[in-house]
Amino acid sequence: MGTFKGIPLWILPLFLGQLNAQLYIEEIEGSSSGEYLIHETIQNHTLSFIPAVYPTPVVKAINKAHNNKVCSTWGNFNFKNFDGDVFRFPGTCNYVFSSHCKSDYEDFNIQIQRSITSSILVISKITMKINGLVVQVIENNVLVDGKVVQLPYSGLGVQIEKRDVSLKVSSKLGLVLMLNDDNSLMLELDEKYANQTCGLCGDYNGISIHNEFINHGVHITETQFGNLQKLDGPTEQCQDVKPEPRRNCTRFENICENILMGSAFLNCHSLVDVEQYMEACVQDLCHCNSKMTSLCMCNTFAEYSRQCAHAGGQPRNWRTKEFCSARKCPLNMEYRECGSACPNTCTNPERAALCDSHCLEGCYCPKGTVFDDINNKGCIPVDMCPCITAGEIYSSGESYSTPCSTWQVHA
Ligand SMILES: [Ca+2]
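Numbered according to mature numbering (1 follows the signal peptide of the UniProt record, and there is no 0), the sequence shown spans residues -21 to -1, 1 to 390.
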C-alpha cells in the first residue's frame, strides 16, 4: 500500500473511520480497490489536511502572554500544569485540580472528576470552594451552596456566566475557570498565588518538573503524581490508577503533525512549544476508542489553539465541516477560532478597538456587521442599528417626536 501525504495508507481507514465511520462504510461496500477507495473518500468529502509548513517564523505576541498563569486539562486525560509540563493521567477519581495550600487560609480549592459513560469520557463533576462559597458543576447544572442557580449568577465576589462554547466562573480573588463544551477545563490564576498551589496543576513556582515530578531529588512518575492528588469523599475509596507503559505510537505522528505544524498555527509555533502537544495528540490517538472521536484528536488541536491565544497569538480556523466539525452558531453568526473577547455591538460599536484581552474561539458577527444587542436578532451593519430613546426602541430611519422637536434615527 502507498502513502497519502506521507501517511501510510493503512492508517487512513482508522483515521477516517474515527472522523466519519458512516461515510467510510458506505464507500467500502461499493468499492473493489482499497487504495482507490481511500482516495475517493478523501476526494469526495474534502477532508482537509492543512499541510505542514517549515520553518517557523518569529511572531511577536499581540497581547501580553499569560499562558504561564494557565493550567488546563483536555481530551483523553491530558493536563498542562502552570509550569508548562504536559502529561497524561487517566484517573477517574475525584482529584484536587488546584488549591491554595501554603497559607493559613485557603482562598480556593478546585476539584475535578472525570467519568466514562457509554465509552465516552466526560468531566462529570467540578467542585470549587472559593472564599467560602461552594460552586459545583454537575452534568450541565450549576449549583451554589448545594442549590441549582440560573445563569448569569453573581454573588460573594463570584460571577458565573455561559458564553457560546464555555461556562466561565470568575472570582475577584484573581481566578478564572473556563469549562468548555468539548470537556476541557482551563484555570487562569493571578500570579499572587505563585508557589502557593497544590494539585494536578502543580505548585506554580515557575520551574518546570520541580516539586511536581522531582520532589526533594526524588523522581516520581506522572501516574504517581496524579494519584497523590486524589481526594476521596468520607465514605469513598476510589482505586489508584495503575502504572501503564507508554505506548509506542509513532505511526500517528504524521496525522498530528499535519495539523499542529500546519498553516492555522503558523503564528503559534514561536509562542507555544508544539512538541508536547504533538506527543499528547499521538498518545490520544493511541488510546482512542471508536466512540471518542472528537476527544481523540480534535481536542489537542483545540487546546493548542487556546494556549496559542493565551500566549498572545492568533490561531486561524482549522476546523472544517468534515474535520473536527466547525461549530454551529446561532442566528447569522459565524464560528471563528480567534475573535475579539469584546466584540462590537450596536450599543457599543467601538468596544473591540479598546479590548486588551486575548482572542477567544466562539460565534462572531461576519465582517462589516455588529451584534444587535437591542433587539437580539443577530448581526446587522452598524448603520442599521436601532437606538433606544426614553425607553422606546426605534429602527434606523424611523422618526419620533418630542413636544418641541421631531428626530430621525441615524445609527
Ligand atoms: Ca513547579
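All C-beta atoms, glycine included, are put in the ideal place defined by N, C-alpha and C.
heavy atom of ligand 1 below 7 angstroms from residue i C-beta
| i | result |
| --- | --- |
| GLY178 | no |
| ASN47 | no |
| HIS195 | no |
| GLY181 | yes |
| HIS189 | yes |
| ILE186 | yes |
| ASP86 | no |
| ASP335 | no |
| ASP352 | no |
| ASP62 | yes |
CB-CB length for residue i against residue j, believed under 8 angstroms
| i | j | result |
| --- | --- | --- |
| GLY291 | GLY318 | Contact doesn't hold; Cβ gap of about 15 angstroms is too wide. |
| PHE61 | ASN73 | Actually they do not touch by this definition, with Cβ atoms about 21 angstroms apart. |
| GLU282 | TRP53 | 4 angstroms |
| LEU166 | VAL49 | 7 angstroms |
| ASN246 | GLN293 | 6 angstroms |
| ASN162 | VAL101 | 5 angstroms |
| VAL137 | VAL114 | 7 angstroms |
| ARG298 | ALA305 | 4 angstroms |
| THR279 | CYS260 | 4 angstroms |
| TYR343 | GLU316 | Rounded, the Cβ-Cβ distance is 10 angstroms, inconsistent with contact. |
| ASN110 | LEU158 | Not quite, the Cβ-Cβ distance comes to about 19 angstroms (not below 8 angstroms), so this is no contact. |
| LEU164 | GLN90 | So it is not a contact: roughly 11 angstroms between Cβ atoms. |
| SER78 | PHE68 | Going by Cβ atoms, the distance from SER78 to PHE68 rounds to 17 angstroms, so no, they are not a contact pair. |
Element boundaries [beta strand (DSSP E), containing residue i]
| i | result |
| --- | --- |
| HIS337 | Counting along the chain, HIS337 falls outside any beta strand (DSSP E), and DSSP gives it neither H nor E. |
| PHE350 | 348 to 350 |
| LEU205 | Checking the sequence, you will find Gly at residue 205 rather than Leu. Unbroken run through GLY205 is the alpha helix (DSSP H), 201 to 207; no beta strand (DSSP E). |
| MET165 | 163 to 168 |
| MET157 | 154 to 159 |
| TYR283 | Looking at the DSSP string, TYR283 is not in any beta strand (DSSP E); the run it does join, the alpha helix (DSSP H), is 277 to 289. |
| GLU140 | 137 to 142 |
| residue 397 | No answer is possible for residue 397: it lies beyond the span of the chain, which begins at -21 and ends at 390. |
| TYR132 | 132 to 134 |
Counterpart residues of residue i in DSSP-defined beta bridges
| i | result |
| --- | --- |
| LYS108 | ASN88, VAL113 |
| ILE359 | VAL349 |
| residue 420 | Lying outside -21 to 390, the shown extent of the chain, residue 420 is not represented and no answer is given. |
| THR71 | Paired residues: none, contrary to the question. |
| ILE102 | ARG93 |
| LYS126 | VAL123 |
| THR326 | Looking at the DSSP assignment, THR326 forms no beta bridge with any residue, so it has no partner. |
| SER77 | ILE89 |
| CYS177 | SER78 |
Where residue i sits in the DSSP three-state scheme
| i | result |
| --- | --- |
| ILE188 | coil |
| MET240 | coil |
| TYR343 | strand |
| ASN57 | strand |
| ASN120 | strand |
| VAL197 | strand |
| LYS48 | helix |
| ASN246 | coil |
| LYS147 | strand |
| CYS321 | coil |
| HIS24 | Low per-residue confidence applies at HIS24: pLDDT is 34, beneath 50, and the placement is therefore not dependable, though the value from the model is reported in the following sentence. Coil. |
| THR214 | coil |
| PHE231 | helix |
| ALA31 | Because ALA31 carries a pLDDT of 43, less than 50, the predicted location of this residue cannot be relied on, and the following value inherits that uncertainty. It is a strand residue. |
| TYR314 | strand |
| LYS300 | coil |
| SER374 | coil |
Test: residue i CB closer than 8 angstroms to a CB of chain B
| i | result |
| --- | --- |
| ASN327 | Considering every chain present, this structure includes no chain B. It has just one protein chain. |
Residue i - containing alpha helix (DSSP H), residue span
| i | result |
| --- | --- |
| TYR256 | 254 to 265 |
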